[in-house]
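There are 2 protein chains.
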Amino acid sequence: MKVRKINPEQKISQVVMVARKLFVEKGYHNVSIPQIVAASGVSIGTIYKHFVSKEGLARFIHEETLNEFQERFSQRLEKVESVYDQLRCFAELVFEITESDPEMMEYMLFMKHGEFLTESFPICSTEPFVRVQRIVALGIERGDLRKADYLLSAVTYTGVILRAAELRIQGVIQGPLSECQEALIANAWAAIKP
Amino acid sequence: MKVRKINPEQKISQVVMVARKLFVEKGYHNVSIPQIVAASGVSIGTIYKHFVSKEGLARFIHEETLNEFQERFSQRLEKVESVYDQLRCFAELVFEITESDPEMMEYMLFMKHGEFLTESFPICSTEPFVRVQRIVALGIERGDLRKADYLLSAVTYTGVILRAAELRIQGVIQGPLSECQEALIANAWAAIKP
DNA sequence: GTCTATAGCCCGATAGAC
DNA sequence: GTCTATCGGGCTATAGAC
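Taken in order, these protein sequences are the chains called A and B.
When we follow our numbering, the leftmost residue of the first sequence carries the number 15, and every step to the right adds one.
When we follow our numbering, the leftmost residue of the second sequence carries the number 15, and every step to the right adds one.
This is the structure in structure tokens:
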């Protein structure tokens, strides 16, 4: 048997890392394949062997990033029960990613997916959002939240959280979000609690 | 004396209109000058005479759009006194534009200004936001709002409003915002009131 | 002032050596 | 599997006729 190379996929993961960073920084159309080649040290030919096209590369990054968020969100949800805590999971995850991997959060918040997704996805960044909607709907039903249109309550809660992440990334909020996390979660909760 | 042409600037305003629509729809880099020529009926030469470059055209659109928002906001603010009403002005204006001129709101919410603004502006879409911050700061000082970091309260309020506009544009919220305006404003207010 | 024609550049993607 | 070299195309911006 042949000895397996240690890293049969190290090159493509290097490409993915570098490409996402560049896409986030400069936008899909401002990043050329030659730039990705220069920054990743992987040749054009190799890139095109693995991802059929530039668009294919972008789609791969897109799915990988959204899947990671969804997975981490699901993981956390398993550990809590109350509506308050479930929504808190969402907020904490968003804040944590914003600080530890701002590139990922920036990707989710700002990337214009329509630029490379020919078949426009149901709705951008929606899988986790639908989950939040369900949590809120159940909370209202149970009386854990103020009686209201569940969609609007979900919009309200996520609006507070995501806007904070947005402004943290843009540098408007200057300290780490861990410092103001409690205040923001309290605000978001106050907006929809009974 | 020569008879003035009726519309010495009709052509450039036509270009501006068409270009903003296209920029919003497809993104700055997905719109070529030939496309703007085709859609506006104005020739390349004329466009380059008035706006030095494609970037110049984009900058003009950017400033014009932000100025319009700022002006309409200021106008409304003059008519009200209380913190509640001033913040309500912001929300109502955002909702109104979202319904009557979604293209403009989409421009303000989603355009990646870094793509054409070489000198990156202080912060994107900030002039009106700073105004909101000041209103909130004053409200907290006076005791009209819960005692808190004024920046976080401003983030909270605008987060609710802007996220609603965002999801309305994306079609997640299906009815006109006028129908759920009161609920959203109530939520945003509940999040920061004393 | 407004147009058409075109120069010059860089990109995405392919072909084929190793 | 990974590389280099290169093609065809579409872009921004200019030149110059009207």
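C-beta atoms are modelled at their ideal positions from N, C-alpha and C, and glycine is treated no differently.
In this text the structure is predicted, and so the values were computed from the model without any measurement.
At a C-beta separation below 9 Å, B:His43 has these neighbours in chain A: Gly41, Tyr42, His43, Asn44 and Glu129. Going by C-alpha positions, B:Gln28 is about 41 Å away from A:Val51.
Contacts between B:Thr172 and chain A, judged by CB atoms closer than 7 Å, involve Arg177 in chain order.
Separation of A:Leu131 and A:Ala197 (C-alpha to C-alpha, rounded to the nearest whole angstrom) is 37 Å. At a cut-off of 9 Å between beta carbons, A:Ser167 contacts chain B.
The three-state reading of DSSP puts B:Arg177 in helix, counting H, G and I together. Here DSSP, grouped into helix, strand and coil, assigns A:Ala162 to coil.
Contact annotation for B:Lys161 against chain A: no contact, minimum CB-CB distance about 11 Å [criterion: below 8 Å]. Listed by position along chain B, the residues whose Cβ is nearer than 9 Å to that of A:Ile187 are Leu165, Leu166 and Val169. Where B:Phe83 is concerned, the enclosing alpha helix (DSSP H) starts and stops at Lys68 to Leu91. No Cβ-Cβ contact shorter than 9 Å links A:Phe109 with A:Val146. By the rule that beta-carbons nearer than 9 Å mark a contact, B:Thr140 touches chain A. Taking 8 Å as the upper bound for CB-CB distance, A:Ala205 and B:Ala202 are in contact here, some 7 Å apart. Annotation: the continuous alpha helix (DSSP H) that includes B:Glu193 extends over Leu191 to Ile206. The Cβ-Cβ distance between B:Leu166 and A:Ile183 does not fall below 9 Å.
The three-state reading of DSSP puts B:Asp115 in coil, since its state is none of H, G, I, E or B. Neighbours of B:Ala202 in chain A, taken as residues at a C-beta separation under 8 Å, are given in chain order as Thr170 and Ala205.
The three-state secondary structure of B:Thr140, taken from DSSP, is coil.
For B:Ser54, the uninterrupted alpha helix (DSSP H) segment begins and ends at Ile47 to Ser54. The alpha carbon of A:His76 has as its nearest neighbour, out of A:Arg86, A:Glu129 and A:Ala53, the alpha carbon of A:Glu129.
By the beta-carbon neighbour count (other beta carbons within 10 angstroms, threshold 16), A:Ile175 is buried. Around A:Phe124, the beta-carbon contacts reaching into chain B at under 8 Å are Lys126. Chain A places a beta carbon closer than 9 Å to that of B:Ala197, counting this residue as a contact. A distance below 7 Å between beta-carbons, with the five flanking residues on each side excluded, links B:His64 to the following residues of its chain, in chain order: Ile26. Under the three-state reduction of DSSP, A:Gln24 is assigned to helix. Spanning the alpha carbons of B:Leu71 and B:Val94 requires a straight line of approximately 36 Å.
B:Cys194 is a Cβ neighbour of B:Ala178, given a cutoff of 9 Å.
Interface with chain A (9 Å Cβ-Cβ cutoff): B:Leu181 is included.
Taking the Cα positions, B:Asp115 is about 13 Å away from B:Arg86.
The criterion of a C-beta distance shorter than 9 Å is satisfied by B:Arg90 and B:Leu107.
The criterion of a C-beta distance shorter than 9 Å is not satisfied by A:Arg34 and A:Met122. Here DSSP, grouped into helix, strand and coil, assigns B:Val30 to helix. Judged by DSSP in its simplified three-state form, B:Glu129 adopts helix. Residue environment for A:Glu78: exposed (fewer than 16 other C-beta atoms within 10 angstroms of its C-beta). When Cβ-Cβ separations below 9 Å define contact, B:Cys103 makes no contact with chain A. Excluding residues up to 5 positions away in sequence, Arg160, Lys161, Ala162, Tyr164 and Ser167 lie with their Cβ nearer than 8 Å to the Cβ of A:Ile154 in the same chain.
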